[in-house]
Amino acid sequence: MSVDKNTVRKVARLARIAMPEERLEPMAKELNGILAWIEQLNEVDVDGVEPMTTPVEMKLPLREDVVSDGNIRDQVLANAPRTEEGFFVVPKVVE
Amino acid sequence: MTNLTQLSLSDAVDGLKAKTFSSQEITQAFLKQIEASNDTLNAYVVVTGDKAMDMAKASDAKLAKGQGGKLEGAPLGIKDLFSTKGVRTTACSNILGEFTPTYESTVTQNLWDEGSVMLGKLNMDEFAMGSDNGTSRFGPPTNPWRRENSNAKLTSGGSSGGSATAVAADLCLAATASDTGGSIRQPAAFTGIVGIKPTYGRASRYGMVAFASSLDQAGPLAKTVKDAALMLEVMCSGDKKDSTSLHLPVPEWSKSIGKSIKGMRIGVPKEYRVDGMPEEIEKLWQQGIAWMKAAGATIVDVSLPHTKYALPAYYIVAPAEASSNLARYDGIRYGARQSGDGSLTSTYETTRAKGFGAEVQRRLLIGTYVLSAGYYDAYYLRAQKVRTKILNDFEEAFKQCDALLTPATPSAAFGYGEKGDDPVAMYLNDIFTVTANLAGLPALALPAGLDAQGLPLGLQVIGKALDEESCFRVAAAIEDAAAFKARPAKWW
Chain A
220 MSVDKNTVRK VARLARIAMP EERLEPMAKE LNGILAWIEQ LNEVDVDGVE PMTTPVEMKL
280 PLREDVVSDG NIRDQVLANA PRTEEGFFVV PKVVE
Chain B
4 MTNLTQLSLS DAVDGLKAKT FSSQEITQAF LKQIEASNDT LNAYVVVTGD KAMDMAKASD
64 AKLAKGQGGK LEGAPLGIKD LFSTKGVRTT ACSNILGEFT PTYESTVTQN LWDEGSVMLG
124 KLNMDEFAMG SDNGTSRFGP PTNPWRRENS NAKLTSGGSS GGSATAVAAD LCLAATASDT
184 GGSIRQPAAF TGIVGIKPTY GRASRYGMVA FASSLDQAGP LAKTVKDAAL MLEVMCSGDK
244 KDSTSLHLPV PEWSKSIGKS IKGMRIGVPK EYRVDGMPEE IEKLWQQGIA WMKAAGATIV
304 DVSLPHTKYA LPAYYIVAPA EASSNLARYD GIRYGARQSG DGSLTSTYET TRAKGFGAEV
364 QRRLLIGTYV LSAGYYDAYY LRAQKVRTKI LNDFEEAFKQ CDALLTPATP SAAFGYGEKG
424 DDPVAMYLND IFTVTANLAG LPALALPAGL DAQGLPLGLQ VIGKALDEES CFRVAAAIED
484 AAAFKARPAK WW
């Protein structure tokens, strides 16, 4: 599977990374280099193999469904680029 | 008095307990060294001098009363990937701007709880993506080691390059680091020091900037095997804040140092003899095998047939998980925001285009591509199945042996730009280390000799899941036999 300029444009859009037109072609080349190398995995017979989850089997821990943290609004907002009256400020999304 | 900054962590801890010197004295000594050399070595991206002196003072008060934790008063460096409350943490990426956490990572909290002192934050590849620290927003650190008769600057490896430089150049007693594909062990090998990645889940990932969640593990870089054991036993813990952390007792690994390896079976995997590997690496490996035999261990030839698929599998799994983890950097809740044309989408896209460096962008695109509609099964799912095959290889091998001995890296430290601009050539650095990440196994790298140009070379010991103890025992035997005392000649 190889990617072209249009695929890179689409993937960059999905990844929400602005990519100038002149970067699309070189990036397609770089990605194809990596993808071609990755293709080796097709040689491996994985029929009936379970995908790996963990080297050490353990039961996922559960906890009581109760509030364990919170009331730290100012800490949550402390690093925001823009805040107002205790809220994050974002660009207008509804006309 | 000997130069305090050259002490091992264990000797320093003993000296502090015996009141041979105070925490304020040794902390001051390190801060002086950092001030004198950081412009050249670029190991620290934040120096927390005042905080360090406050912590040292508090430690001295405890030590005076005969109290204190396992690392009381010992000055450490912290990789910029660990969130430190009130101290800027950026994973060396522009996108995090001046991000200053309001919380502390569990690993660093464990270190502070045992009395250690924070000197500052250490340089690294942006989001830990790299093998030479060339992707740091602050520029790369420099390896204190240089080739004989050469002034060329060499990399201290990546991604924990700042940590490795700091430990090797005596700018801290030991440092935290993290390892997703070899980011502790390759820098250890390049700078002549010891580093270990524990079994996946031993150390909590809470408060670590996430790269690839199923692979990331914290671990130490230190000057000796015992120091690494001491650090690791403090860093590890089961943690309610990380559901993948293991709620198991953490052994006192430092106490297993020096136990004989007589009767242990050491596996040598034939697939780690790769094309184009320098003869010196092969020689070092053979030397390691001879040391094992001399110490009473039995050598067993083993096979890990899926080794060659480890790196390609890694370059699906790691970018895929990264593309998901790094989706959080949108310029809305934290970090540096760019507005673009003012719309929300443009804010996201320009924030991320300006905030992420070239290598991070490349990996995010690969990750997004392999996870995109129609490709998940062909790439990510297949790679996770290949991981199972790699883990099965190890499990088969460990039926015949107690630990594996391999080279740590396919070469000694290299210079910036020497690898060209082919990303795959750079990725091959992790060929011996990445298997342990994919299989979640503990693996340790330590210095074992010098190459013809006078640069350190490392060996790696891989253990069974949860058997860090065997890694430490075998490594201590190599450390004894190698008697690696070489130090970089001070030029900085």
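Keeping their order, the protein sequence lines are chains A and B. Take this note's numbering: the final residue in the first sequence is number 314, and no numbers are missing along the way. Take this note's numbering: the final residue in the second sequence is number 495, and no numbers are missing along the way. Glycine included, every Cβ here is placed at the ideal spot set by N, Cα and C.
In angstroms, rounded to a whole number, what distance separates the CA positions of B:Pro78 and B:Ala231?
-> 15 Å
Return the chain-ordered list of same chain residues with a C-beta closer than 7 Å to the C-beta of B:Glu472, the five sequence neighbours on each side being excluded.
-> Closer than 7 Å at Cβ, skipping near neighbours: Pro254, Trp256 and Ser259.
Okay, do the stretch 279 to 293 of chain A and the stretch 450 to 459 of chain B touch, 3+ Cβ pairs below 8 Å being the bar?
-> no
Name the chain A residues whose beta carbon is nearer than 7 Å to that of B:Pro315?
-> Trp256, Ile257, Gln259 and Leu260
Taking B:Ala321 as part of the alpha helix (DSSP H), name the residues at either end of that continuous run.
-> Note, B:Ala321: alpha helix (DSSP H), Ala313 to Asn328.
With a Cβ-Cβ cutoff of 8 Å, do B:Ala489 and B:Gly195 count as a contact?
-> yes
For B:Met4, which three-state DSSP category applies?
-> With a pLDDT of only 49 at B:Met4, under 50, the local geometry of the prediction cannot be trusted, and no value is derived from it.
Residues near B:Gly360 by beta carbon distance below 8 Å, same chain, minus five either side | Ser96, Asn97, Glu129, Thr138 and Arg140
Would you say B:Thr92 faces chain A, with C-beta separation under 8 Å as the test?
-> So, not an interface residue.
Quick one, which of B:Ser86, B:Thr109, B:Asp17 and B:Thr51 has its alpha-carbon nearest B:Gly76's?
-> B:Asp17
Element boundaries [alpha helix (DSSP H), containing B:Lys200] = Here B:Lys200 belongs to no alpha helix (DSSP H); instead the beta strand (DSSP E) covers Val197 to Lys200.
Would you kindly work out how many angstroms separate the C-alpha atoms of B:Leu176 and B:Phe33, rounded to a whole number?
-> 9 Å
If we ignore side chains and look at the alpha-carbon of each, how far apart do B:Pro394 and B:Val363 end up?
-> Contrary to the premise, residue 394 of chain B reads as Leu rather than Pro in this sequence. So the alpha carbons of these two residues sit roughly 28 Å apart.
Give the single residue among B:Leu66, B:Phe193, B:Thr111 and B:Asp483 whose Cα lies nearest to the Cα of B:Ser207.
-> It is B:Thr111.
Of the residues B:Val477, B:Ser217, B:Trp494 and B:Ala155, which one's Cα is nearest the Cα of B:Asn328?
-> Nearest to B:Asn328 by C-alpha distance, out of B:Val477, B:Ser217, B:Trp494 and B:Ala155, is B:Ser217.
Close-in-space but distant-in-sequence residues of the same chain around B:Asp555 (CB under 6 Å, 5 per side omitted) = In the structure as shown, chain B starts at 4 and stops at 495, and residue 555 of chain B therefore has no counterpart that could be examined.
If we count the other Cβ atoms within 10 Å of its Cβ and call it buried at 16 or more, is A:Asp264 buried or exposed?
-> Under this definition A:Asp264 is an exposed residue.
Buried or exposed for A:Ile291, please, with buried defined as at least 16 other CB atoms from any protein chain shown within 10 angstroms of its CB.
-> exposed
Chain B partners of A:Leu279, CB-CB under 7 Å?
-> For A:Leu279, the C-beta contacts it makes with chain B under 7 Å involve Ser246, in order along the chain.
Per DSSP, what kind of secondary structure is B:Ile81 in: helix, strand or coil?
-> strand
Along the alpha helix (DSSP H) that carries B:Val477, what are the first and last residues, could you check?
-> Glu471 to Ala485
When you compare only the Cα positions, how much space is there between B:Phe85 and B:Leu99?
-> The straight-line gap from Cα to Cα measures roughly 13 Å.
Could you check the C-alpha separation between B:Ser40 and B:Trp495 for me, to the nearest Å?
-> Using only the alpha carbons, I get a separation of about 6 Å.
Determine the DSSP secondary structure at B:Ser181, reduced to helix, strand or coil.
-> It is a strand residue.
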